[in-house]
């Protein structure tokens, strides 16, 4: 019996001499834009029908590749986390006190956030395929940091491949194919007391 989220048949084999051009990942590219009020209200669904968690306006998204150096990723995450904590540095005293009070109110109301609280990360690492191993290593490194909270989530991303091949009449035909990839998200934020 096939699973409800899996197709009954696999993707057909490609004929000999095909050229595959892979496009960018759908579902990751929209995360790099500055969120607007309209974009935060729209619900974005994954290929499995999973509603993606809403992102906070200050969330920094880092795409992890297989050849990204480990310490470079650690430095980028730390820099993004430190930048977030220094945003009140140039404010007046009254504005700093108001920011502290708002943070206290947020920790008091933490129970009301529920599952949405897990999506309000300061930094989100996203990786697919062979980069998942590197992301697990980076996530394990940050779990040993006592001042940080690390949350991992899995999801499925859809990507589009352009396939071109020549037929017997020397005509070039193009075809588009949708392919699903496993994706791992690691959310990192400062631990609240």
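Numbering (my numbering), first residue to last: 35 to 227. Here a beta-carbon is modelled for each residue, glycine too, at the ideal position from N, C-alpha and C. Predicted, not measured: the structure shown is a model, and the values here were computed from it.
ask   = With residue 226 and residue 164 assumed to form a contact (beta carbons below 8 Å), what rounded beta-carbon distance in angstroms separates them?
value = Wrong, their Cβ atoms sit about 34 Å apart, outside the cutoff.
message = Going by C-alpha to C-alpha distance, which of 158, 208, 182 sits closest to residue 188?
response = 158
key: Outcome for residue 94 when other beta-carbon atoms lying within 10 angstroms are tallied against a minimum of 16   = buried
key: residue 168, enclosing beta strand (DSSP E) - first and last residue   = Residue 168 -> not in any beta strand (DSSP E); alpha helix (DSSP H) instead, spanning 165 to 177.
ask   = Which ranges does the beta strand (DSSP E) cover as unbroken runs of at least 3 residues, wholly within the stretch 175 to 213, from first to last along the chain?
value = 182 to 200
query = Is it true that the CB of residue 222 sits closer than 7 Å to the CB of residue 184?
reply = yes
query = Mapping DSSP to helix, strand and coil, what is residue 135?
reply = helix
ask   = If we call anything under 7 Å between Cβ atoms a contact, is residue 211 one with residue 220?
value = Going by beta carbons, residue 211 and residue 220 fall outside the 7 Å limit.
ask   = How should residue 160 be labelled, buried or exposed, when 16 other C-beta atoms within 10 angstroms of its C-beta is the threshold for buried?
value = buried
request  = Identify whether residue 48 lies in helix, strand or coil by the three-state DSSP scheme.
outcome  = coil
message = For a quick check, are the C-beta atoms of residue 195 and residue 45 less than 7 Å apart?
response = no
request  = Identify whether residue 112 lies in helix, strand or coil by the three-state DSSP scheme.
outcome  = helix
request  = Determine the contact status of residue 209 and residue 201, defining contact as a CB-CB distance below 7 Å.
outcome  = no
query = Mind checking if residue 211 is an interface residue toward chain B, Cβ cutoff 7 Å exclusive?
reply = Looking at the structure shown, chain B is missing, and only one protein chain is on hand.
key: Inter-residue Cα distance where the pair is residue 42 and residue 172   = 36 Å
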